[in-house]
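Final position of the sequence shown in the working numbering is 606; the numbers increase by one with none missing.
Backbone N, C-alpha and C define an ideal beta-carbon position, used for all residues, glycine too.
Note that the structure is predicted; figures quoted are calculated from it, not measured.
What follows is a short report on a single structure.
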Amino acid sequence: MNCDKFPLSIECKLCITPLKGHNHNFLGVVLGLIYKSHVIHLPICFSEDESESEDDEQSAKFESDSDEQPTKVQSDDDEKPAKVQSDDDEKPAKFQYEEDEQSAKVQLEEDEQLAKALQESLNMGSPPRDDNGSIFQPFPFFMPAGYSRICAGCKLEIGHGRYLSCMGTVWHPECFRCRACNLPITDYEYSMSGNHPYHKSCYKEQHHPRCDVCKNFIPTNSNGLIEYRAHPFWLQKYCPSHERDRTPRCCSCERMEPRDARYLLLDDGRKLCLECLDSAIMDTHECQPLYLEIQDFYEGLNMKVKQQVPMLLVERQALNEAMEGEKNGHHHMPETRGLCLSEEQTVTTILRRPKIGAGYRMIDMVTEPHRLIRRCEVTAILVLYGLPRLLTGSILAHEMMHAWLRLNGYPNLSPEVEEGICQVLAHMWLDAEMYSTSGSDVASSSTSSSSSSSSSSASSKKGKRSDFEKKLGDFFKHQIESDSSTAYGEGFRIGNKAVLKYGLRRTLDHIRMTGSFPV
Numbered sequence: 088m089n090c091d092k093f094p095l096s097i098e099c100k101l102c103i104t105p106l107k108g109h110n111h112n113f114l115g116v117v118l119g120l121i122y123k124s125h126v127i128h129l130p131i132c133f134s135e136d137e138s139e140s141e142d143d144e145q146s147a148k149f150e151s152d153s154d155e156q157p158t159k160v161q162s163d164d165d166e167k168p169a170k171v172q173s174d175d176d177e178k179p180a181k182f183q184y185e186e187d188e189q190s191a192k193v194q195l196e197e198d199e200q201l202a203k204a205l206q207e208s209l210n211m212g213s214p215p216r217d218d219n220g221s222i223f224q225p226f227p228f229f230m231p232a233g234y235s236r237i238c239a240g241c242k243l244e245i246g247h248g249r250y251l252s253c254m255g256t257v258w259h260p261e262c263f264r265c266r267a268c269n270l271p272i273t274d275y276e277y278s279m280s281g282n283h284p285y286h287k288s289c290y291k292e293q294h295h296p297r298c299d300v301c302k303n304f305i306p307t308n309s310n311g312l313i314e315y316r317a318h319p320f321w322l323q324k325y326c327p328s329h330e331r332d333r334t335p336r337c338c339s340c341e342r343m344e345p346r347d348a349r350y351l352l353l354d355d356g357r358k359l360c361l362e363c364l365d366s367a368i369m370d371t372h373e374c375q376p377l378y379l380e381i382q383d384f385y386e387g388l389n390m391k392v393k394q395q396v397p398m399l400l401v402e403r404q405a406l407n408e409a410m411e412g413e414k415n416g417h418h419h420m421p422e423t424r425g426l427c428l429s430e431e432q433t434v435t436t437i438l439r440r441p442k443i444g445a446g447y448r449m450i451d452m453v454t455e456p457h458r459l460i461r462r463c464e465v466t467a468i469l470v471l472y473g474l475p476r477l478l479t480g481s482i483l484a485h486e487m488m489h490a491w492l493r494l495n496g497y498p499n500l501s502p503e504v505e506e507g508i509c510q511v512l513a514h515m516w517l518d519a520e521m522y523s524t525s526g527s528d529v530a531s532s533s534t535s536s537s538s539s540s541s542s543s544s545a546s547s548k549k550g551k552r553s554d555f556e557k558k559l560g561d562f563f564k565h566q567i568e569s570d571s572s573t574a575y576g577e578g579f580r581i582g583n584k585a586v587l588k589y590g591l592r593r594t595l596d597h598i599r600m601t602g603s604f605p606v
């Protein structure tokens, strides 16, 4: 190999003397290269950091002096002085380097590798830069004999050329790829998750939570933290602002209405999602089979209601007016959805199932006033229309318990005891519906007379429940179990504990005698 072809001045950056006679022999010797005042940029090292790469290596130093006179350097060995010259007239520079004095063969191989690396570097264009300068770090292309770098991606030797140093190992630039899109990461910064690299944009797309309502990335708060709200059961995530911008919720499942979905608008202003609409009960005639099923449930518990108590499906306004005219009863729910009446009243009931019109609005509802006459302690049971079958049934089971207590001579009970035991019966009915096969058989025979229902809702009411309806039943049970109110929530938990410990009959006997739950 003829070194005269390379007009280079190469000095050791440890002692600032020509390399001849030196054998520092360690990885990372920084060589200063000048070729007609053209700086050779050599490959990159990215430091490992989750948010950005920092340049920890020092950049190579370059020296050039076209007017420099020939300098004589005497080595410590007995060799003759070496002359190093640089001339603008392209006079050849003599390059000599001795890495292993004991092996001329190793010296020759390394000289050939050096020449090849220099030639490749001269043909390589300038690499990209960021605002603070080049992200490329000097590549120690001259390595000791027997040393090699293995790419963590392709498992092949890197050899001479550019490489990346990150995540505690080295890579070919084309092998350092994003976990999400599998494209090479060429940005100055990248993100980490689970010991895998990501483009910052890909990381945000995969790991930054999106709002389930507006579908945008949930913004950070003033402290730079991602803050969002989540439904305790459905785990629907949404921006805190949607709690203030009047985003509607389904009146049944309580999920917020997404921007890309349509909820049905009932004539009393409530919104109903399409999944809940699938099994919703819309008029009094349609609800009668379910009412008979609730009566059978009570009879199965040896708690038959012997009096014929009318049941009416009503709008929200009619329910609120009836509640105002009621002298007795406890009403502590945020919105009343059922009522057990003891007074004579005239109530407007829904006779025919309304239709869905333009803009997802209910139209053509037929109502009529119904005069309630007091023949016993209970004049009627009212239930809000437009709710799914399971929720309507649990409301009926709750109100039926109010009727049973009044018809069987129980004294005036505290709200915690009366509402608590009524919630226990509603929870028991939901359990029976969700986990017994008999409930499906009863529902199948009882709903066959409802000809006004759509085919989809009819199939749901016949016991062929979808996965969503099963989940909906669990949600209604969760609502009863997690209610935070004193009467409905704490009353249920105390009453349910007593029923599990002593049984329903003994618990009711204790309530009759003491007006409280057994402990």
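Residue i versus residue j - alpha carbon distance
{"i": "L459", "j": "L406", "result": "14 Å"}
{"i": "R331", "j": "G356", "result": "18 Å"}
{"i": "I450", "j": "T307", "result": "43 Å"}
{"i": "E362", "j": "F555", "result": "7 Å"}
{"i": "S572", "j": "S501", "result": "14 Å"}
{"i": "L492", "j": "L426", "result": "14 Å"}
{"i": "W258", "j": "K242", "result": "9 Å"}
{"i": "L388", "j": "L591", "result": "9 Å"}
{"i": "S366", "j": "T334", "result": "24 Å"}
{"i": "T601", "j": "V504", "result": "11 Å"}
{"i": "P214", "j": "Y285", "result": "With a pLDDT of only 39 at P214, under the threshold of 50, the placement of this residue in the model should not be trusted; the figure read from the coordinates follows. C-alpha separation (whole angstroms): 22 Å."}
{"i": "V401", "j": "L471", "result": "5 Å"}
{"i": "E577", "j": "E373", "result": "34 Å"}
{"i": "G412", "j": "E292", "result": "56 Å"}
{"i": "P456", "j": "P327", "result": "43 Å"}
{"i": "P130", "j": "A239", "result": "Only weak support exists for where P130 lies, its pLDDT of 36 falling under 50; the coordinates are left without a value."}
{"i": "M487", "j": "R552", "result": "25 Å"}
{"i": "P376", "j": "L399", "result": "12 Å"}
{"i": "C262", "j": "P271", "result": "7 Å"}
{"i": "F562", "j": "F320", "result": "7 Å"}
{"i": "S288", "j": "Y277", "result": "9 Å"}
{"i": "N495", "j": "Q394", "result": "11 Å"}
{"i": "H489", "j": "C509", "result": "7 Å"}
{"i": "D338", "j": "L359", "result": "Looking at the sequence provided, one finds Cys at residue 338 rather than Asp. Looking at the two C-alpha atoms, the distance is approximately 6 Å."}
{"i": "F228", "j": "S252", "result": "Here the model assigns F228 a pLDDT of 42, short of 50, so the residue's position is not dependable and the matter cannot be decided."}
Span of the beta strand (DSSP E), counted from its first residue to its last, around residue i
{"i": "P284", "result": "H283 to Y285"}
{"i": "R448", "result": "R448 to I450"}
{"i": "K442", "result": "K442 to G444"}
{"i": "T433", "result": "T433 to R439"}
{"i": "P456", "result": "V453 to R458"}
{"i": "G425", "result": "G425 to L428"}
Minimum C-alpha distance to residue i - residue among the options
{"i": "Y497", "options": "S603, L517 and N389", "result": "S603"}
{"i": "R462", "options": "S429, K442 and P456", "result": "S429"}
{"i": "V392", "options": "T436, P456, E464 and L351", "result": "E464"}
{"i": "L353", "options": "P296, Q394, M343 and R403", "result": "R403"}
{"i": "L474", "options": "I468, I482 and A467", "result": "I482"}
{"i": "R266", "options": "E276, L251 and N282", "result": "N282"}
{"i": "I437", "options": "L469, N583 and Y250", "result": "L469"}
{"i": "T435", "options": "A409, S280 and V300", "result": "A409"}
{"i": "H514", "options": "A585, Y472 and K564", "result": "K564"}
{"i": "V300", "options": "G248, P345, C238 and P456", "result": "P345"}
{"i": "E422", "options": "E341, G255 and F320", "result": "E341"}
{"i": "E380", "options": "E520, S235 and Q566", "result": "E520"}
{"i": "V384", "options": "A348, K557 and W516", "result": "The sequence shown places Phe at residue 384, rather than the Val named in the question. Looking at the Cα atoms, W516 is the closest of the given residues."}
{"i": "D518", "options": "E506, L477, V453 and R336", "result": "L477"}
{"i": "K557", "options": "Y575, Y522, R236 and N583", "result": "Y522"}
For residue i, three-class secondary structure by DSSP
{"i": "V504", "result": "helix"}
{"i": "Y497", "result": "coil"}
{"i": "E402", "result": "coil"}
{"i": "C241", "result": "coil"}
{"i": "R599", "result": "helix"}
{"i": "V586", "result": "helix"}
{"i": "A490", "result": "helix"}
{"i": "V511", "result": "helix"}
{"i": "R580", "result": "helix"}
{"i": "G480", "result": "helix"}
{"i": "R236", "result": "coil"}
{"i": "V117", "result": "Note on V117: pLDDT 32, under 50, position unreliable in the model; no value is reported."}
{"i": "T594", "result": "helix"}
Endpoints, the alpha helix (DSSP H) within which residue i is located
{"i": "E464", "result": "Where E464 is concerned, there is no enclosing alpha helix (DSSP H), given that its DSSP letter is neither H nor E."}
{"i": "K557", "result": "D554 to S569"}
Proximity test, Cβ basis, 9 Å: residue i and chain B
{"i": "P260", "result": "Of the protein chains in the structure, only one exists, and it is not chain B."}
Run through the stretch 243-306 for me and flag every whole alpha helix (DSSP H) of 4 or more residues, listed as ranges in chain order.
287-294
Curious, which full-length alpha helix (DSSP H) runs of at least 4 residues does the stretch 311-387 contain?
361-364 and 371-387
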